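Under UniProt numbering, the first residue of the sequence shown carries the number 1, and numbering increases by one thereafter.
Notes follow the structure.
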Amino acid sequence: MAPKGLTKTRDASDSPRTGESGAGEIQVRAWQGPPLATRVRKALSFRNMSALYLFAVLFAAFAIWVPSTFLTASTWRSLISDQAITCLVALGAVPALAAGVFELAIGSEVGLGAVLVAWLLADRHLPVPLAIALTIAAAVLVGVINWALIARARVPSFIATLGMSSVLTAVILWLSGGAQILNLPAGFERIANHQIFGLQLPVYVMLAIAILVWYVLERTPAGRGVYAAGADPDAAALAGVRVSRVILCAAVACAVIGGVAGLLESSQLSTGDPTIGPGYLLPGIAAVFLGSTQFRGGRMNVWGTVVAAYVIATGVKGLQLAGAPTWIPDLFNGAALLVAVGIAAHQKSPVSRTAAVRRLLRSATRSVRSARRARRAEQLARVRGGAGDLNVAGGGKVVPSKAWTPPTVAVRVLRRLSIRNIGALYLLAFIVVVFSLWVPATFLTSGTWRSLVSDQAITCLAAVALVPVIAAGVVDLAVGAEVGLGGILVAWLLADWHLTVPMAIGVTLLCAVAVGLINWALIVRVRIPPFIATLGMSSVLVAVIAWVSGGTQILALPAGFQKIGNHQILGLQLPVYILVVIAVITWYVVERTPAGRHLYATGANPAAALLAGIRTSRVILLATIACAVIAAGAGVLESAQLGTGDPTVGPGYLLPTIAAVFLGSTQFKNGRMNVWGTVVGAYVIATGVKGLQLAGAPTWSPVLFDGVILIAVVALAQYQRRPSAWAARIRKLVKRDRAGQTSERSQPGFKAG
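Quick look at the structure:
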């Protein structure tokens, strides 16, 4: 039977319409593809061009709402020129995300480019070309470091870049001193402000980089390697793609384009502003994911990203011209990110149950084979190592001659006291010794330790909130915003609505339950990746916090409420005892109940847990609600301690809490998230920060410490999961024996030892 679209004829009599070509010949007419109308309809479908339809809706809405300002030529010239920097940032994220690297440091890379070039020009008085070249070289170095953390240290990309973002923020604060860098040369200022046909030069730089990135990704083998590595790194490696090199090129390209965007921003503003970087993260990522739904059907692509960036900019510009509040951009960016990724997830067909079963069976088969190889390797190691309790039977089979005996008490004690099991305690002891010698007059006082234990209780409580949700496989990047929401909402209810303290706390916790429900719906129902869902939700919550507070502190909280955070028992404030109670409850649920086992099973392998009868959706629901409620409770205690509702306190909790959880995962439970390891990890980090503050270290040193600790502890956890050198040697021996390169085990008369 001929394929669809092909015409087959046997002879002239059978196919008079195709002509004669000899008896018995088969004439095949080339496939013409679908009709033109079908192709046009598919190209213009909502699934393929939804961003353009959204742009048309926004344009029509604001043209009717604010026609006197929105429809002017100057508005559109400024929109195109001002958005070129954001578009550049999004273009930098395209190759990284296409390669499977979730680059959360690109905002800080923009800030580093802006501040570094200004510092080199204003403080070091370097020529403009040399300053630009050194800035780009520094961006290359940042990309190489990101690659080393991801590909060599095997730190998950979003954790590596999140920690790197904190490190770069510390570098930015060190270079700038926390203030703007002024007095830049006039020649440098003209770079970004020079106009061609009414548009500033960054627009043309953006177009040139867009064409270059498009050509590499879509028209070269390197681009196909990037997409292959992002889709399935293992399959790409087996197909001959050098995945490590792909990640290196993508990380360097992202950092360099981010650095170029930063130096163009400094040229536009004529200053080096240390605060501009973080504001580019959400718009850039939202543009990439919204652009992935355009033109290429779910694949990261350049022109979809450019269109999406200008669609988001049009919405924000229209709202600003309409006199919308200052928090509207945060809300719009967060909502755009969630909608964009939701559309992309909706366009991907879900994995069927049959496919999930096949996947699970393949995984189980590999696990069984790995277990067999491990047993054979262990037997061979005991033979080669001279184990006295093994004999070799005929044919080289290893047979134990006596029953296995458990390790001695000394061995068990050494294991418990090993650095792999309680490394955080050794790190704490090291930090205490260092600062005891450095600043003994202040560090060793009882007042210092009481304040450290009391002040760190809230951060520790927020870290405990992350334990169940990360154990379930959900990384909640909105935990800082959830803390901020709890603190500002309870203050607003008490000061503006004059509710009683119990009622205000109850309403706040109910709102936290709603936040947890929304997170669950985005992750499970809409199928948005957890860290993207919670990153977008964080921006939405920041907008809600700004709306509730009006961007200012909420004062005049009741004295009874303030006592909750400042009342002391045995020299320690009440939040310490609340922390202990919640930690004990969380530990019991996670470690001593079936619900806790379901948490770990869901986080380890959701498909296997589902097929084993675990309701993974319900597990994630309970974990996200618990995280949001405990984090909001930490925010309530923060407002009670401060006596005010501060809208800026929330984001500062993100890095310390995630670092504490991952540092805690290396303690006691050998790589598994656990409560008491998290508590120890939180106080280790707090002790280091407190010591630096008492020693008079610069204000950026705690930010640097948080980032370095986060990267170091996750790298340590990954290192602990690596096979030891002895295990690698055993594997080589097994392979050599299998290949027939040695016959020691098959030699007659061979004995162990």
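Glycine included, each C-beta is placed from N, C-alpha and C at the ideal position.
Owing to the predicted nature of the structure, the values given are computational and were not obtained by experimental measurement.
Start and end of the alpha helix (DSSP H) containing residue i?
i    : result
W520 : V501 to W520
P647 : Counting along the chain, P647 falls outside any alpha helix (DSSP H), and DSSP gives it neither H nor E.
Y310 : V302 to L321
L535 : P530 to S549
G565 : A559 to N566
D455 : S446 to A471
Q268 : V243 to L269
L489 : V479 to A495
D234 : P233 to L238
W65  : F46 to W65
G652 : G652 -> no alpha helix (DSSP H), and no H or E assigned at all.
Y280 : Unbroken run through Y280: none, as it is neither H nor E.
D82  : A73 to A98
Q667 : Where Q667 is concerned, there is no enclosing alpha helix (DSSP H), given that its DSSP letter is neither H nor E.
Q693 : V675 to L694
F188 : A186 to N193
Give the single residue among the options whose Cα lies nearest to the Cα of residue i.
i           : options                   : result
I136        : N333, F430 and A114       : A114
I528        : T326, A61 and A345        : A345
D330        : V302, N301 and A286       : A286
G652        : P127, L477 and G223       : L477
V453        : I685, I145 and L36        : I685
L321        : A546, G143, V66 and T305  : V66
V584        : A229, L642, W547 and V675 : V675
R525        : R618, I422, A51 and C627  : R618
P278        : V226, G315, L162 and T293 : L162
R597        : I523, R420 and I620       : I620
V629        : I505, V140, I211 and G100 : I505
S665        : V513, A626, A463 and I488 : A463
N146        : C254, V542 and T448       : C254
P221        : L522, A695, P233 and V241 : V241
T314        : A56, I523, T508 and G111  : A56
L212        : G187, I257 and A236       : I257
R245        : G223, A261 and V260       : G223
L579        : W700, L182, D455 and M673 : D455
L116        : L173, V205 and L199       : L173
residue 770 : L414, A90, M673 and L168  : An answer regarding residue 770 cannot be provided, because it is not within the stretch 1 to 753 covered by the chain.
D157        : F435, L248 and Q268       : Here the sequence assigns Ser to residue 157, which means Asp is not the residue at that position. Nearest option by C-alpha distance: L248.
Q180        : G198, P233, I150 and L112 : L112
K669        : A717, A695 and Q641       : A717
V479        : P575, A236, I658 and H567 : I658
Could you round the C-beta distance between residue i and residue j to whole angstroms and report it? I think they count as a contact, below 8 Å.
i           : j    : result
A340        : L290 : 3 Å
residue 819 : A84  : Residue 819 is absent from the structure shown; the chain starts at 1 and stops at 753.
G516        : T624 : 4 Å
G681        : Q667 : 7 Å
L570        : M300 : Actually they are not in contact, since the Cβ atoms of L570 and M300 sit about 56 Å apart, beyond 8 Å.
A512        : W327 : With 8 Å as the limit, A512 and W327 do not qualify as a contact, their Cβ atoms being about 20 Å apart.
M537        : G323 : That pair is no contact at about 26 Å.
S639        : V490 : 6 Å
residue 756 : L184 : Summary: the structure shown does not reach residue 756, with the chain confined to residues 1 through 753, and so no result is reported for it.
G643        : S549 : Not quite, the Cβ-Cβ distance comes to about 15 Å (not below 8 Å), so this is no contact.
residue 760 : A261 : For residue 760 there is no data in the structure shown, the boundaries of the chain being 1 and 753.
Exposed or buried, what is residue i when buried is set at 16 or more other beta-carbons lying within 10 Å of its beta-carbon?
i    : result
I470 : buried
A239 : exposed
A503 : The question names Ala, but residue 503 in the sequence shown is Met. Exposed, by the Cβ-count rule.
Y71  : Looking at the sequence shown, residue 71 is not Tyr but Leu. Exposed, by the Cβ-count rule.
Y215 : exposed
S165 : buried
S266 : buried
L44  : exposed
A231 : exposed
K690 : buried
D123 : exposed
K563 : exposed
Y426 : exposed
S436 : exposed
A725 : Residue confidence for A725 is low, a pLDDT of 47 falling below 50, so the modelled location carries little weight; the figure read from the coordinates is stated next. It counts as exposed.
Any heavy atom of the ligand PLP closer than 7 Å to the beta-carbon of residue i?
i    : result
V483 : What this structure holds is no ligand at all, so the ligand PLP is not there to describe.
State yes or no: is the beta carbon of residue i nearer than 8 Å to at least one beta carbon in chain C?
i    : result
A631 : Among the protein chains of the structure shown there is no chain C, as only one such chain exists.
Would the segment 629-638 and the segment 454-465 be scored as touching if the rule is three or more Cβ pairs under 8 Å?
Judged by Cβ distances under 8 Å, the segment 629-638 makes contact with the segment 454-465, as three or more pairs qualify.
Between the segment 480-497 and the segment 428-447, are three or more C-beta pairs nearer than 8 Å?
Counting Cβ pairs under 8 Å, fewer than three are found: no touch.
Any chance the segment 478-488 sits against the segment 644-661, with 3 or more Cβ pairs inside 8 Å?
Judged by Cβ distances under 8 Å, the segment 478-488 makes contact with the segment 644-661, as three or more pairs qualify.
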